[in-house]
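Residues in the sequence shown are numbered from 13 upward in steps of one, following our numbering.
Beneath this line is the structure, given in structure tokens, with notes to follow.
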Amino acid sequence: MSNGTRCVMVSSVTLVTGFLAGVAGGLLLAPQSGARTRRQLRNLAEDLGERASLIAEDAKHVVEEAVDEVLEKGKRLANK
């Protein structure tokens with residue numbers, strides 16, 4: 013896996029982790045009604061689902077590129 017691939021993966025995980033920590037802190041420090049909290053949690057779950065889909069799609073592309081790179085290097089080595 014190339015450095016660029018690792019960077020994308022680490023950045024994605026860091027983004028999601030920071031987002032979750034911020035939301036959890038916000039919910040804990042800002043007391044409000046149960047209905048409002050549930051609505052926020054539902055919205056959060058939807059947002060996280062969308063973000064997870066985007067991250068999975070990015071990861072898929074990164075893995076595909078890494079596989080292509082490995083296959084290309086293998087072909088070059090086989091032809092030597």
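In this text, a Cβ means the ideal position worked out from N, Cα and C, and glycines have one as well.
Source: prediction; values computed, not measured.
Distance, E76 Cα to T49 Cα
Translated into positions along the sequence shown, residue 49 becomes position 37. Translated into positions along the sequence shown, residue 76 becomes position 64. T49 and E76: Cα-Cα distance of roughly 40 angstroms.
Output yes or no for whether 8 angstroms exceeds the beta carbon distance between V20 and V74. For the purposes of this step, residue 20 is taken as residue 8 along the sequence shown, with counting starting at 1. For the purposes of this step, residue 74 is taken as residue 62 along the sequence shown, with counting starting at 1. Yes, the pair counts as a contact, with Cβ atoms nearer than the cut-off.
Margin query: Is the beta carbon of V28 closer than 8 angstroms to that of R63?
Written below: Numbered from its first residue, the sequence shown carries residue 63 at position 51. Numbered from its first residue, the sequence shown carries residue 28 at position 16. Closer than 8 angstroms, so yes.
Per DSSP, what kind of secondary structure is N91 in: helix, strand or coil? Working through the sequence shown from its first residue, we reach residue 91 at position 79. N91: coil per DSSP, three-state reduction.
Q) If you run the structure through DSSP and keep just helix, strand and coil, what is Q44? A) Walking along the sequence shown from the start, residue 44 turns up at place 32. Note: Q44 maps to coil in three-state DSSP.
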